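Which chain is which? The protein sequence lines are X and C, in order.
So the first sequence is residues 1034 to 1209, counted in my numbering.
So the second sequence is residues 75 to 248, counted in my numbering.
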Amino acid sequence: MAEKINVSDKTKGVDTWARNPLYVGLAIGILAVLVQVLLISAGGPEAYGFCVACHTRDVVNVAVNDIAGTKLAVAAISQNAILPVMTVIGVLIGAFISARYYQEFRTKAGSAVSYLWYLLGGIFFMIFALFMGGCPYRMGLRIGYGDVVALIGVIAIIIGVLAGIKIASAMMEREG
Amino acid sequence: MAAAAGWLAKNVAVIAVPIVTLIFGLFIGWLAQRSGFCSIGGFRDFFIFRHTRLLYGYLALISGAFIGYLVFSLLTPSALGGFFWVLHNGLIPVPGAPANLSVAAYIILAIVGGIAVGLIGLLLGGCPLRQVVMTSEGNMKSLVFVIGMCAGSVIYAAWISGVGVAILKGLGIA
């Protein structure tokens, strides 16, 4: 996490807000509602304004369906629209422009073994997130929408995080 | 429930979907890059260091969504017919997970999926949004994670979702 504060005028004004997760969370939550209010006529599901897992799935599966002629499942909104939901593409580009502008872009390579873990991690993360019906963000939107199962899901995420902390600290102790 | 109707008519909305979501994504990408926004990181920082900065961000997302849904359910009820979900539909979750299962099956999927998501996110240093943002910051490991997510979505849709539902049905809980 690059926390370098360089040119002072770049960290003033609106950037002070953008650096505070509290305002960022509020903005994402409210705008995700606005996306549903604007676009729900194109198709469901509800509480679908922002999801990193499902929106990635929609882009990838629509592309694979178009190229290979398969019928992989995607959300109705992405099936009906001329192009699927492009949120994650936007995040990639927006974060890249921001990282470049604030001079926080650093190419960081990993070991071959770490790449294998991250690849498997990405695959299994996606599979389990889709079984749950969304990434942690869509679970948050669903809780706001009044979905009790989403609340159970987030409690399970917290249990998973606690288990992960135990495993990580045990691994660190073993390695000294 | 009648077909949900938003501010944009269907023939306009189907064209607006990629445009609106792309602009929304650009905005989130900028904010998430500046703030280091991360849900799983929020839980991690709270449990290890008692830091609440990121955790409050995630709680603010839930609160912001609730307030937004509440306000717009009064302004444009046709777009938010399902709000407040549990009052209309009980424990059946909002669609998104595999369709037409029992409540017990959805709760099992939420528990198993949630624990796995929390565990993987913690061990690999972030939730999917953080991984996407770190990819844009030049982190090659996160890029591989995102590629894995893309592969996972095809694997899930092509094979795993059917197998998972079959297992649940075989156990008699779907």
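Using N, Cα and C, we set each Cβ at its ideal position, and we do this for glycine too.
This one's a predicted model, so the numbers in the text were calculated from it and none came from an experiment.
Compare the C-beta of residue i against all C-beta atoms of chain X and say whether one is closer than 8 Å.
i       : result
S176(C) : no
M75(C)  : Low confidence applies here, because M75(C) scores a pLDDT of 43, under 50, leaving its location unreliable and the question unanswered by this model.
K215(C) : yes
I241(C) : no
I189(C) : yes
Y132(C) : yes
F158(C) : yes
G99(C)  : yes
L148(C) : no
P202(C) : yes
A67(C)  : The structure shown does not extend to residue 67(C), since chain C is modelled only from 75 through 248, so no value can be given for it.
V94(C)  : yes
P167(C) : yes
A179(C) : no
Counting along the chain, where does the alpha helix (DSSP H) carrying residue i start and finish?
i        : result
S227(C)  : 214-229
P1054(X) : 1054-1072
P92(C)   : 84-109
G1173(X) : 1169-1178
K1104(X) : From DSSP, K1104(X) is part of no alpha helix (DSSP H); its letter is neither H nor E.
T150(C)  : Here T150(C) belongs to no alpha helix (DSSP H), and DSSP marks it neither H nor E.
W159(C)  : 159-163
I166(C)  : Premise fails: I166(C) is in no alpha helix (DSSP H) and is neither H nor E.
V237(C)  : 235-244
I1122(X) : 1120-1134
T1049(X) : 1047-1051
A1108(X) : Careful: A1108(X) lies outside any alpha helix (DSSP H) and carries neither H nor E.
A248(C)  : A248(C) -> no alpha helix (DSSP H), and no H or E assigned at all.
F117(C)  : 113-123
L1184(X) : 1181-1208
When DSSP builds the beta bridges, which residues end up paired with residue i?
i        : result
A173(C)  : BP columns for A173(C) are empty, so no partner.
K1141(X) : N213(C)
Under 8 Å, Cβ to Cβ, is there at least one residue of chain C near residue i?
i        : result
G1186(X) : yes
I1099(X) : According to the sequence provided, residue 1099(X) is Asp. The question's Ile does not apply to it. Not one chain C Cβ lies under 8 Å of D1099(X).
A1145(X) : no
Q1069(X) : yes
V1057(X) : yes
V1095(X) : no
G1046(X) : no
Round the Cβ separation of residue i and residue j to the nearest angstrom and send it over; I've been treating them as touching at under 8 Å.
i        : j        : result
I1192(X) : G192(C)  : 7 Å
L198(C)  : Y1151(X) : 6 Å
G138(C)  : I1063(X) : 5 Å
G170(C)  : P1078(X) : 5 Å
I136(C)  : G200(C)  : So it is not a contact: roughly 19 Å between Cβ atoms.
A178(C)  : I247(C)  : 5 Å
V168(C)  : A1114(X) : Contact doesn't hold; Cβ gap of about 20 Å is too wide.
G1177(X) : Y143(C)  : 6 Å
L1071(X) : A90(C)   : 7 Å
F101(C)  : G1127(X) : 7 Å
I108(C)  : S1131(X) : Correcting the residue identity first, residue 108(C) is Arg in this sequence and not Ile. Correct: roughly 6 Å between the Cβ atoms.
I1156(X) : A225(C)  : 5 Å
V1085(X) : V206(C)  : 6 Å
**Prompt:** Along the segment 1193-1209 of chain X, what residues have a CB closer than 8 Å to any CB found in chain C?
**Reply:** G1193, V1194, L1195, A1196, G1197, I1198, I1200, A1201
**Item:** Against chain X: residues of the segment 116-128 of chain C by CB proximity under 7 Å
**Value:** F117, R118, F121, I122, R127, L128
**Residues of the segment 219-247 of chain C whose Cβ lies closer than 9 Å to any Cβ of chain X, in chain order** = F219, V220, I221, G222, M223, C224, A225, G226, S227, V228, I229, Y230, A231, A232, I234, S235, G238
**Prompt:** Using Cβ-Cβ distances below 8 Å, what residues of the segment 1121-1140 of chain X are close to chain C?
**Reply:** V1121, I1122, G1123, V1124, L1125, I1126, G1127, A1128, F1129, I1130, S1131, A1132, Y1135, E1137, F1138, R1139, T1140
**Request:** Select from the segment 76-90 of chain C all residues with a C-beta closer than 7 Å to any C-beta belonging to chain X, and list them in chain order.
**Result:** A78, A79, G80, W81, L82, A83, K84, A87, V88, I89, A90
**Request:** Mind checking the segment 1099-1114 of chain X against chain C and listing, in chain order, the residues whose C-beta falls within less than 7 Å of any C-beta there?
**Result:** L1105, A1106, I1110, N1113, A1114
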